[in-house]
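The opening residue of the sequence shown carries number 1403 in our numbering; numbering runs sequentially from there. Each residue gets a CB set at the ideal place from its N, CA and C atoms; glycine is no exception. Values in this document were obtained by computation on a predicted structure and should not be read as measured data. See below for the structure under consideration.
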Amino acid sequence: MAVRILLKWRVPAEREKDLVGLITDLRSMASRQPGYISGETMRNVKDPEEYLVISTWDSLEDWETWIASPPRKALQEKIDRLLGKPTTYDMYHYPDKRYYRPSPAITWSVDPSRPKRDTACLLPTPGTQASSCPKAGSPVPVRSLLAAVAASPGRPRCGDRPDGNPFPEISGFPSREKGGQAMIKVMIKRKAPADKQTELLDLVTKLRSEASKQPGYISGETLHGSERPDEFLVISIWDDEYFWKKWIATDERKAIQGQIDKLTGTPTEYEIYRYPRKVSVE
């Protein structure tokens, strides 16, 4: 069973380059190990001194073999000295099927009216009537679009605004060209006793289904604590913090979230991470 390992490291700004260099070395070394699947480094939006390092392994045995290797231990000691404390790990895996109902009433769907980032069309060249836009609102497949762009370089795209807004119906989108933000990863930890976990997963699945219909939603998953069986980790990835904030303000989300909070007995807390800006490690 695949496992997801989460490490959180806090370091003062003046030691940031040192930590980033060591993290880069550690991930590079891990990527060459048997059973390594993927990894990433993110930074806490609310606490810029905190880094989140995630690695995914094919099995717990593969990860345990890796952390027991002398080269990793030597590099880990350098990180621990830099941080002034030993590293602790949070481990998660995908929930066992026994937690899910045999015939869940929840189905995944995507709102057909949701704007598509991967579709667009070409405006006619000035002075002509031709256009690759079949009609207003009709998407053009990416492959067709790329072929048209290659054949007619320099033409503008239908639906694109001067401010770079990929969703014209949403005003105030922070254009990347004008200092807009980047993709974010939102993590929520929820705890429930064994007899409530199936009900919790039903609500979480419903919540993720609704989130999947929102503009800016990229992906999500639910993980189960390997060492804390009462804990679930719900992760969602959004194209921008703007879209996530718009989602959490909806009545649909508030209603489902209220049921989850009532079931778990605690209010929802969010951890938000973003890929860090490039930091020189020379």
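| Item | Value |
| --- | --- |
| Restricting to Cα atoms, I'd like to know which of LYS1591, MET1431, GLU1643, TYR1494 is closest to SER1461. | TYR1494 |
| With a threshold of 7 Å (Cβ to nearest heavy atom), would PRO1473 be considered close to the ligand COA? | In terms of ligand content, the structure shown is empty, and the ligand COA therefore cannot be addressed. |
| Output yes or no for whether 8 Å exceeds the beta carbon distance between ASP1663 and THR1652. | no |
| Buried or exposed for ASP1642, going by 16 or more other Cβ atoms inside 10 Å? | buried |
| Just list the residues that DSSP pairs ASP1597 with in beta bridges. | Beta-bridge pairing links ASP1597 to no other residue. |
| Return the first residue and the last residue of the beta strand (DSSP E) that TYR1644 is part of. | Not the beta strand (DSSP E): TYR1644 falls in the alpha helix (DSSP H), residues 1643-1650. |
| With DSSP as the reference, identify every bridge partner of VAL1422, one or two as the case may be. | VAL1422 pairs with nothing; no bridge assigned. |
| Applying the 10 Å Cβ sphere with the 16-neighbour rule, what's the burial state of ALA1613? | buried |
| Entirely within the region 1415-1486 and at least 3 residues each: give me those beta strand (DSSP E) ranges in chain order. | 1438-1446, 1452-1459 |
| Between which residues of its own chain and VAL1405 is the CB-CB distance below 8 Å, once the five residues before and five after are set aside? | THR1458, TRP1459, SER1461, LEU1462, TRP1465, MET1493, TYR1494, HIS1495, SER1628 |
| Which residues bound the alpha helix (DSSP H) around LYS1410? | Per DSSP, LYS1410 belongs to no alpha helix (DSSP H); it is in the beta strand (DSSP E), 1405-1412. |
| Could you tell me how far apart the beta carbons of ILE1658 and LYS1608 are, in whole angstroms, since I believe they sit closer than 8 Å? | 6 Å |
| Just to check my reading of the structure: ILE1674 and LYS1448 have Cβ atoms closer than 8 Å, yes? What is that Cβ distance to the nearest angstrom? | 7 Å |
| Tell me the residue span of the alpha helix (DSSP H) that contains GLY1622. | No alpha helix (DSSP H) contains GLY1622, which is instead part of the beta strand (DSSP E) from 1619-1627. |
| Using CA coordinates, which residue listed in VAL1588, ARG1417, PHE1634, LYS1410 is at the minimum distance from GLU1601? | PHE1634 |
| Can you tell me whether GLU1633 is helix, strand or coil according to DSSP? | strand |
| Span of the beta strand (DSSP E) holding GLU1673? | 1673-1676 |
| What's the gap between the Cα of ARG1412 and the Cα of ALA1476? | 20 Å |
| Measuring only the C-alpha atoms, how far is ILE1481 from GLY1437? | 23 Å |
| Which value, in whole angstroms, describes the spacing of the CA atoms of LYS1593 and TYR1672? | 14 Å |
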